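Colleague: Sending over a structure as C-alpha cells; questions will come in a sec.
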Amino acid sequence: MKALVVKEFGGPLILEDVPVPQPGADEALIRVKACAVDQFDLTIRDGKFPTAKTPIILGHEIAGVVEAVGANADNVKPGDRVTSTLYLTCGRCRYCLTGRETICADFKGYVGIHTPGAYAEYTTIPVVNLVKLPEPISFHEGSVIANAIGTPYHALTKRAKAQLGERVIITGAGGGVGAHAIQLAKRMGTFVMAVDIGEEKLALARDLGADVVFDASSGDFSAAARKWTNDEGADVILELVGTATFESSLKSLARGGRMVIVGSHTGAELKASPQALIANEWEILGSRNVAKRELAEVIALVAAGRVKPIVTGTYPLEEAEWLHQRLRKQEIIGRVVLEP
58 MKALVVKEFG
68 GPLILEDVPV
78 PQPGADEALI
88 RVKACAVDQF
98 DLTIRDGKFP
108 TAKTPIILGH
118 EIAGVVEAVG
128 ANADNVKPGD
138 RVTSTLYLTC
148 GRCRYCLTGR
158 ETICADFKGY
168 VGIHTPGAYA
178 EYTTIPVVNL
188 VKLPEPISFH
198 EGSVIANAIG
208 TPYHALTKRA
218 KAQLGERVII
228 TGAGGGVGAH
238 AIQLAKRMGT
248 FVMAVDIGEE
258 KLALARDLGA
268 DVVFDASSGD
278 FSAAARKWTN
288 DEGADVILEL
298 VGTATFESSL
308 KSLARGGRMV
318 IVGSHTGAEL
328 KASPQALIAN
338 EWEILGSRNV
348 AKRELAEVIA
358 LVAAGRVKPI
368 VTGTYPLEEA
378 EWLHQRLRKQ
388 EIIGRVVLEP
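Rendered as C-alpha cells:
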C-alpha cells in the first residue's frame, strides 16, 4: 500500500510502498477514505511529542471503511463506515467506566502515534475506538468530526458548560477547531467574539455567525473584549492558541468566568495571580478531546445538519508536504483533508 513515512524527526514525508497492516484480535483493518491534517501532525513530525518514535506514519483524524476484523471484534463488521476516537485507553479504570476515558488512569497512547497512522491507504485501529458514520455524512466530513468538532463540543458543553446568553471568546477561531467552536457556541445561544489573524479567517468566522471579530495581529485583544462586554468581560473563553494569547484571555475574563484551555505548546506556562483567581472566582479548566459517548452526540448533530464540517480542500497523499508548509505559515482555514 502507499503510505507517507517520517523516517526521522524533522525530516521529510516520504511516499513509500509498505505492507498492509494486519489487525490484531481486538482491532479492525480500515481502508482509509479520508484523513484530516492538523497542527498536532507537525508537533509529532518535528519530534516535539516525547513518546513518538520513528519511523512513523502520521494521521489520526480518520474516516474509512472496515475491511477486516480481528477474532474478538464484535461491534463492527466489514463494510461499516467508521471514524475513530483519538486516545488508547484501558476501559477498566474509574474514569473509563464513567465516560471520562479522555483522562484514563492507565493511558496507552494515541491512534496515529502508537498505532499506524492514516496518511496511508490502510490502517489498523482498536475496535473500541471506532464509531459508525451514518450515510448522510461524507468521508471527508467524517474525518474532521472526532477532533475538530468533538474537541470544542466537549470543551463548551462538558467543561465550560456555556449557557444561553453568555458571552464567549474563541481564540484561533478561524482554524479547524475554532471554526466548529463558533458554530457550536452559537447553537448554544451564546454571543461570540472570534479572535484570529488574517482577514480570510475572520471572514469565515463572520460567515459562521460570530457577533464580533478581532484581528490578533494587532496585539492584545483584551481592550476590544472589554469594550464588547461593557467592561464586564467574557463569561467563557475558549483558549485554542496557547502562550501567545494566555495573558489577553485572562484580562478579558469576567468575574465568575471560565477559561477552558484546549490548545497549548510544549513547555508553555500560564501565569495567574492567586489573589485574582480568588477575588474573581475564576475557573481555569483543561479540556481533552472528546469521549466516545459524546462523539455519538456530535455525529448526530452533523447528520441532522445542525453543525457543518468545514473542509476547505481535499488532496492526494502527494500534496501532504505542501499542506504541512501551509499549516506552518498559518495559511490553512478550517480543515484540509488527504484522500489516500
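Using our numbering, the letters of the sequence shown map in sequence onto residues 58 to 397.
For every residue, glycine included, the Cβ atom is placed at its ideal position computed from N, Cα and C.
Note that the structure is a prediction, hence the values are computed from the model and not measured.
What's the gap between the Cα of Ala251 and the Cα of Leu143?
Modeller: The sequence position of residue 251 within the sequence shown is 194, counting from 1. The sequence position of residue 143 within the sequence shown is 86, counting from 1. Going from the Cα of Ala251 to the Cα of Leu143 covers about 27 angstroms.
Colleague: I'd like the ranges of any alpha helix (DSSP H) spanning at least 4 consecutive residues and lying wholly in the segment 228 to 274.
Modeller: 233 to 244, 256 to 264
Colleague: Of the choices Gly222, Asn129, Thr302, whose alpha-carbon is the least far from that of Ser274?
Modeller: Counted from its first residue, the sequence shown places residue 274 at position 217. Closest by alpha carbon: Thr302.
Colleague: Could you check which residue in Ile390, Leu61, Gly121, Arg102 has the C-alpha nearest to that of Leu259?
Modeller: Numbered from 1 along the sequence shown, position 202 holds the residue referred to as residue 259. Looking at the Cα atoms, Ile390 is the closest of the given residues.
Colleague: Can you tell me whether Gly116 is buried or exposed? The criterion is at least 16 other CB atoms within 10 Å of its CB, across all chains shown.
Modeller: In the sequence shown, counting from the first residue as 1, residue 116 sits at position 59. That one is buried.
Colleague: Is the beta carbon of Ala91 closer than 8 angstroms to that of Glu396?
Modeller: Your numbering for residue 396 matches position 339 in the sequence shown. Your numbering for residue 91 matches position 34 in the sequence shown. For Glu396 and Ala91, yes; Cβs fall inside 8 angstroms.
Colleague: Looking at Ala262 and Ala230, is the spacing between their C-beta atoms short of 8 angstroms?
Modeller: Here residue 230 refers to the residue found at position 173 of the sequence shown. Here residue 262 refers to the residue found at position 205 of the sequence shown. Cβ atoms of Ala230 and Ala262: closer than 8 angstroms.
Colleague: Quick one, are the C-beta atoms of Glu304 and Val317 less than 8 angstroms apart?
Modeller: Looking up residue 304 in the sequence shown gives position 247. Looking up residue 317 in the sequence shown gives position 260. It is not a contact, given that the beta carbons lie outside the stated cut-off.
Colleague: Helix, strand or coil: which one does DSSP assign to Ala325?
Modeller: In the sequence shown, the residue the question calls residue 325 occupies position 268. Coil, per DSSP.
Colleague: Within its chain, find whatever has a CB closer than 6 angstroms to the CB of Leu221; leave out the 5 residues flanking it on each side and keep chain order.
Modeller: Indexing the sequence shown from 1 puts residue 221 at position 164. Here the set comprises Gly246.
Colleague: Flag this pair as yes or no: are the beta carbons of Arg315 and Glu289 separated by less than 8 angstroms?
Modeller: If you number the sequence shown from 1, residue 315 lands on position 258. If you number the sequence shown from 1, residue 289 lands on position 232. No, the Cβ-Cβ distance between Arg315 and Glu289 is not below 8 angstroms.
Colleague: Just curious, the alpha helix (DSSP H) that Arg151 is in, first and last residue?
Modeller: Position 94 of the sequence shown holds residue 151. It spans 151 to 154 - the alpha helix (DSSP H) in which Arg151 sits, taken as one unbroken run.
Colleague: Give, in chain order, every unbroken run of the beta strand (DSSP E) that is at least 3 residues long and sits entirely within the segment 163 to 193.
Modeller: 179 to 183, 187 to 189
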